[in-house]
Amino acid sequence: MLKYGRRIMREEMSKNEDLIRVRQELLVKTSTGTPVNTQRRCVSEGSIILWHLCALIALCSWLLRLLNVFDITAV
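Below is the structure:
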(Lines of atoms letter the chains of each structure in order from A; the text may use other names.)
(Lines give C-alpha, C1' and ligand atoms only; values in the text may rest on other atoms or scores of the structure.)
Protein backbone atom coordinates (compact mmCIF):
# COMPACT_ATOMS: atom_id res chain seq x y z
CA MET A 265 0.00 0.00 0.00
CA LEU A 266 1.19 3.46 -0.80
CA LYS A 267 0.31 6.47 1.26
CA TYR A 268 -0.91 9.35 -0.83
CA GLY A 269 -1.77 12.32 1.34
CA ARG A 270 -4.42 11.13 3.78
CA ARG A 271 -5.69 8.40 1.50
CA ILE A 272 -4.17 4.97 1.18
CA MET A 273 -3.69 3.92 -2.40
CA ARG A 274 -3.66 0.19 -3.07
CA GLU A 275 -1.81 -1.33 -5.97
CA GLU A 276 -3.76 -3.98 -7.81
CA MET A 277 -1.59 -6.92 -8.76
CA SER A 278 -2.43 -9.54 -11.33
CA LYS A 279 -3.11 -13.03 -10.05
CA ASN A 280 0.00 -15.15 -10.15
CA GLU A 281 -0.93 -18.81 -10.56
CA ASP A 282 2.32 -20.04 -9.01
CA LEU A 283 1.89 -17.85 -5.95
CA ILE A 284 -1.71 -19.02 -5.48
CA ARG A 285 -0.62 -22.68 -5.77
CA VAL A 286 2.18 -22.20 -3.23
CA ARG A 287 -0.20 -20.50 -0.77
CA GLN A 288 -2.77 -23.28 -1.16
CA GLU A 289 -0.13 -25.98 -0.65
CA LEU A 290 1.11 -24.17 2.45
CA LEU A 291 -2.44 -23.95 3.76
CA VAL A 292 -2.96 -27.69 3.30
CA LYS A 293 0.36 -28.59 4.89
CA THR A 294 -0.08 -26.37 7.95
CA SER A 295 -3.76 -26.99 8.61
CA THR A 296 -4.73 -29.04 11.64
CA GLY A 297 -7.17 -31.87 11.20
CA THR A 298 -8.82 -32.26 7.84
CA PRO A 299 -7.31 -29.98 5.22
CA VAL A 300 -9.86 -27.62 3.73
CA ASN A 301 -8.24 -27.16 0.35
CA THR A 302 -8.29 -30.59 -1.33
CA GLN A 303 -7.74 -31.16 -5.00
CA ARG A 304 -10.88 -31.92 -6.95
CA ARG A 305 -9.21 -34.22 -9.43
CA CYS A 306 -8.45 -36.84 -6.77
CA VAL A 307 -11.36 -39.23 -7.29
CA SER A 308 -11.32 -42.92 -6.50
CA GLU A 309 -11.20 -45.37 -9.39
CA GLY A 310 -14.24 -47.24 -8.11
CA SER A 311 -16.52 -44.23 -8.40
CA ILE A 312 -15.37 -43.58 -11.97
CA ILE A 313 -16.01 -47.20 -12.96
CA LEU A 314 -19.43 -47.13 -11.27
CA TRP A 315 -20.36 -43.90 -13.07
CA HIS A 316 -19.37 -45.37 -16.43
CA LEU A 317 -21.29 -48.58 -15.75
CA CYS A 318 -24.43 -46.62 -14.86
CA ALA A 319 -24.09 -44.56 -18.04
CA LEU A 320 -23.61 -47.73 -20.12
CA ILE A 321 -26.68 -49.38 -18.56
CA ALA A 322 -28.76 -46.27 -19.19
CA LEU A 323 -27.69 -46.12 -22.84
CA CYS A 324 -28.35 -49.83 -23.36
CA SER A 325 -31.81 -49.63 -21.82
CA TRP A 326 -32.60 -46.53 -23.92
CA LEU A 327 -31.51 -48.39 -27.07
CA LEU A 328 -33.57 -51.46 -26.17
CA ARG A 329 -36.65 -49.28 -25.59
CA LEU A 330 -35.99 -47.52 -28.90
CA LEU A 331 -35.87 -50.87 -30.74
CA ASN A 332 -39.00 -52.09 -28.90
CA VAL A 333 -37.11 -55.04 -27.43
CA PHE A 334 -38.37 -54.33 -23.97
CA ASP A 335 -40.91 -51.85 -22.69
CA ILE A 336 -41.11 -50.64 -19.09
CA THR A 337 -44.67 -49.34 -19.48
CA ALA A 338 -46.15 -52.78 -20.25
CA VAL A 339 -46.02 -54.00 -16.68
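Numbering of the sequence shown is given in our numbering, commencing with residue 265 and proceeding in unit increments. No residue lacks a Cβ here, since even glycine has one placed at the ideal position from N, Cα and C.
The DSSP-derived three-state label of SER325 is helix.
In this structure, the beta-carbon distance from PHE334 to LEU328 falls below 8 angstroms.
Annotated three-state conformation of ASP282 is helix, per DSSP. GLN288 and THR337 have their C-alpha atoms roughly 53 angstroms apart.
DSSP, reduced to helix, strand and coil, places SER308 outside both helices and strands of the structure shown, so it counts as coil.
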